[in-house]
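Shown next, in structure tokens, is the structure this report addresses.
Residue numbers (our numbering): 15 to 453.
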């Protein structure tokens, strides 16, 4: 977010509106934030008609803030338009005054990169991040005070590379970001240790991906120690970071069958998020639901099926309520939890409930895939595969064949992981071994 400072009385109302929008956004009062930003934008546009040199930067800054708001509420087309207009303005300003406005070009490119990543436009995301990184490296050579921004973009690139399985590139980017942030934290721990902990968390996830379990645990533990220390001095700001790292450790422990340690980590994270949600439900109820979902997975793996169902149901109740207020943001989570519940019901022979859960998950995911096929068609395929298994187990072989075949077609078109296609071919083969192909 960009705070606009008041320079004279003429633009006071526009600046006040922009700054109010920032406050409303920070407190999750998003409707009020949008109204404030829009009012500020209208004012700055009119002022810019008479005095573009002074007010076009304010137009661009407010557009950037609106873009962030639209992204947070999953209005991705509007977010793209706002960011792109801001970028066009900053590029033109930078032609006349590069020293003043190239940092803003880089900031807006970074924001666009995040948006492209969210919408699975990964080539465009990488291009935006790389251009932002090139600008920020150049700025940091002339002014080392810009090094934190280099680290930010490296961190984002690392996340993108991880998402596209370029794990060597991801590790290199995250490691460079960590090196920068360690150096910054030595000089100014209060300012940069939080960023250092975030990058340690990202590196821990990479190590976990590549089965470097000891490295992952060591890295997460360092991040947790930093966050715990920060939370002692400022619990409101840093207890969420403690909980996030505990969640990551819980996943690592669960993956390595250290179930008691995983439960302890998840439970502490859940306790923190529940307390945070009492004061700020809009911000932290999603995290409560995420941790309950993780606990449900753990309990199911440990055959504690009653506890698993309770955790999943609690997560689902929260996510349904969140989706009522913001369907674009939370319907994917509703579908994920329904999918997990469906699998649990299948495992316990409650097949009618399993089918209902999977079918509702499928309906949601089909609608999501209409708007964003790259992001959600793999989830459609996953749920179809689960339904296919359910139909096969109940001798509804025509329906099983149709579900498996559609899932396979989706996976082939998306060119996703070979193992997924192989799994679905195996499911089809098993079905055909038991029956003739339905016609």
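We treat Cβ as the ideally placed atom computed from N, Cα and C, and that holds for glycine.
Own chain, CB closer than 7 Å to residue i, minus 5 neighbours either side, in chain order
i           : result
residue 105 : 119
residue 81  : 93, 96, 97, 100, 125
residue 153 : 116, 117, 160
residue 27  : Legend: pLDDT at residue 27 = 40, less than 50; position of this residue unreliable, no value from coordinates given.
residue 432 : Per-residue confidence for residue 432 stands at a pLDDT of 45, beneath the threshold of 50, marking its modelled position as unreliable; no derived number is given.
residue 207 : 199, 240, 244
residue 127 : 139, 142, 143, 146, 170
residue 272 : none
residue 62  : 69, 70, 73
Beta carbon of residue i nearer than 8 Å to that of residue j
i           : j           : result
residue 280 : residue 319 : no
residue 168 : residue 146 : no
residue 402 : residue 389 : no
residue 231 : residue 260 : no
residue 77  : residue 48  : no
residue 287 : residue 257 : yes
residue 313 : residue 322 : yes
residue 386 : residue 133 : yes
residue 174 : residue 129 : no
residue 172 : residue 187 : yes
residue 166 : residue 343 : no
residue 7   : residue 371 : The structure shown does not extend to residue 7, since the chain spans only 15 to 453, so no value can be given for it.
Own chain partners of residue i with C-beta closer than 6 Å, once the 5 adjacent residues on each side are dropped
i           : result
residue 421 : 395, 398, 399, 438
residue 347 : 333
residue 253 : 245, 286
residue 450 : Caution is warranted here: a pLDDT of 34 is assigned to residue 450, below 50, making its placement in the model unreliable, and the coordinate value is therefore given only provisionally. The answer is none, since no qualifying residue turns up.
residue 185 : 220
Burial state of residue i, where buried means 16 or more other Cβ atoms lie within 10 Å
i           : result
residue 393 : buried
residue 45  : exposed
residue 363 : exposed
residue 140 : buried
residue 210 : buried
residue 22  : Interpretation of residue 22 is limited by its pLDDT of 37, a score under 50 that renders its predicted location unreliable; the figure taken from the coordinates is listed afterwards. That one is exposed.
residue 215 : buried
residue 137 : exposed
residue 250 : exposed
residue 228 : exposed
Span of the alpha helix (DSSP H), counted from its first residue to its last, around residue i
i           : result
residue 157 : Residue 157 -> no alpha helix (DSSP H), and no H or E assigned at all.
residue 343 : 341–361
residue 307 : 295–315
residue 425 : 411–428
residue 122 : 112–132
residue 189 : 181–201
residue 372 : 365–385
residue 167 : 161–177
residue 225 : Premise fails: residue 225 is in no alpha helix (DSSP H) and is neither H nor E.
Cut-off 8 Å between Cβ atoms - residues of its own chain near residue i, not counting five sequence neighbours on either side
i           : result
residue 325 : 306, 307, 309, 310, 313
residue 378 : 345, 346, 348, 349, 352
residue 365 : 359, 404, 407, 408
Residue i Cβ short of 7 Å to the ligand COA heavy atom set
i          : result
residue 87 : Looking for the ligand COA in the displayed structure turns up nothing, as the structure carries no ligands at all.
Min CB distance residue i to chain C below 8 Å
i          : result
residue 46 : Here chain C cannot be found, since the structure has a single protein chain.
Sufficient close CB pairs (3 or more, under 8 Å) joining the region 220–238 to the region 196–205: With a cut-off of 8 Å, the region 196–205 and the region 220–238 do not count as touching, because too few Cβ pairs lie within range.
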